[in-house]
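Structure, as structure tokens:
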Amino acid sequence: MPTDSSSSVPPKAKDQAKKLTVKQEREARRAEKVAQMVAQQKKQQRNRRIGIFGGAAAGVIALGLVITFVVTSAEPKVDPASISIGELQSYDNLTSNHVSTTVDYAQTPPAGGDHNAVWLNCGVYDQQVPNENAVHALEHGAVWVTYDPAVVDEAGVETLRSKLPDTYVVLSPYEGIAAPVVASAWGNQVFLDGVDDERLGDFVQKFWRSNDAPEPGAACTGGLDAAGKVA
């Protein structure tokens, strides 16, 4: 008759086998928890390193901005009143009434005086613009640069454009002026020898958006786009 092998195992041995299995399970669970804790610690360490590196990078950027601000602030500001321009013409006691008729100006091109109620929009024109609207732009602080189209060619016009700000400037041809290029602001004017005359830069620096204009900072857009506006 066959013998039952399980019945041959003493009860005490069976209990020990069960206890051993429970112990192994506890150790396995403990090992799993330890592994999870180690993984969590490594993740936290990585996050700290990323935070440190990110903070350091942000600090470097912030420091660069501070240095740039300090250096820029330390640059001396040029007082427009200290800029001397050879052969500068200045005109005092200019009236600034709004009129609906043409005006007989004392200067060519005009550098101030009565003008149309609608200002000329600043920009680049390839046709002569109305005096009365251009003078209104001068009243707002714009600089008007005119050139003789019989003397200044397309390359010369591009040279002038490269020397001028993008706003509060009118650049246009003007036939019959007494110089190749004339720069005008409200109450001030200089006749230039050509597109490379260095006085143009000085004039712009001195009078562009000047507080001496009757209405400095008033709009240079939203007015009249005269014929020939290209930019």
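Numbering (numbering that gives the first Met the number 0), first residue to last: 0 to 230. Cβ coordinates follow ideal geometry from the N, Cα and C atoms, glycine included.
- Short Cβ contact (8 Å threshold) for glycine 138 with glutamate 214: The sequence given here has glutamate at residue 138, not glycine. A contact, by the Cβ cut-off of 8 Å.
- Message: Would the segment 85–99 count as touching the segment 165–178 if we require 3 or more Cβ pairs under 8 Å?
- Response: no
- Query: Given alanine 226, which residues of its chain have a CB within under 6 Å of its CB, disregarding the five upstream and five downstream residues?
  - Reply: Gln126
- Spatial distance of leucine 191 from threonine 94 (CA atoms): Each residue's alpha carbon lies about 26 Å from the other.
- Message: Tell me the rounded alpha-carbon separation between leucine 119 and serine 83.
- Response: Here the alpha carbon of leucine 119 sits roughly 29 Å from the alpha carbon of serine 83.
- Task: Pick helix, strand or coil for glycine 122, following the three-state DSSP scheme.
- Result: In the structure shown, the three-state DSSP call for glycine 122 is strand.
- Item | Cα-Cα separation, glycine 221 to lysine 42 | 59 Å
- Can you say whether asparagine 92 is buried or exposed, counting buried as having 16 or more other CB atoms within 10 angstroms of its CB? exposed
- Message: Less than 7 Å between C-beta atoms, sequence neighbours within five positions excluded: which residues of the same chain meet that for proline 109?
- Response: Asn130 and Val134
- Residue from Gln106, Thr166 and Glu86 with nearest C-alpha to tryptophan 185: Gln106
- Give, in chain order, every unbroken run of the alpha helix (DSSP H) that is at least 4 residues long and sits entirely within the segment 86–153. 130–138
- Give the DSSP-derived three-state secondary structure of serine 161 in the structure shown. helix
- In chain order, what residues of the same chain lie with their CB nearer than 6 Å to the CB of aspartate 113, ignoring the 5 residues before and after it? Thr94, Asn96, Val98 and Val102
- Message: Ignoring anything shorter than 4 residues, give me the alpha helix (DSSP H) runs that lie fully in the segment 159–211, in order along the chain.
- Response: Whole alpha helix (DSSP H) segments, 4+ residues: 198–206.
- Smallest Cα separation from arginine 198: which of Asp211, Ser183 and Asn210? Ser183
- Item | Status (buried if at least 16 other CB within 10 Å, exposed otherwise) for asparagine 210 | exposed
- Helix or strand or just coil, what does DSSP make of glutamate 214? coil
- Taking C-alpha atoms, which residue in Val151, Lys162 and Val168 lies nearest to lysine 228? Among Val151, Lys162 and Val168, the Cα nearest to that of lysine 228 is on Val168.
- Does DSSP put lysine 42 in a helix, a strand or coil? Helix at lysine 42.
- Is valine 123 closer than 8 Å to leucine 223 when the C-beta atoms are compared? no
- Task: Please work out which residues of its chain come closer than 8 Å, Cβ to Cβ, to tyrosine 90, disregarding the five sequence neighbours upstream and downstream, and give them in chain order.
- Result: Ala105, Gln106, Ala110, Gly111, Gly186, Asn187 and Gln188
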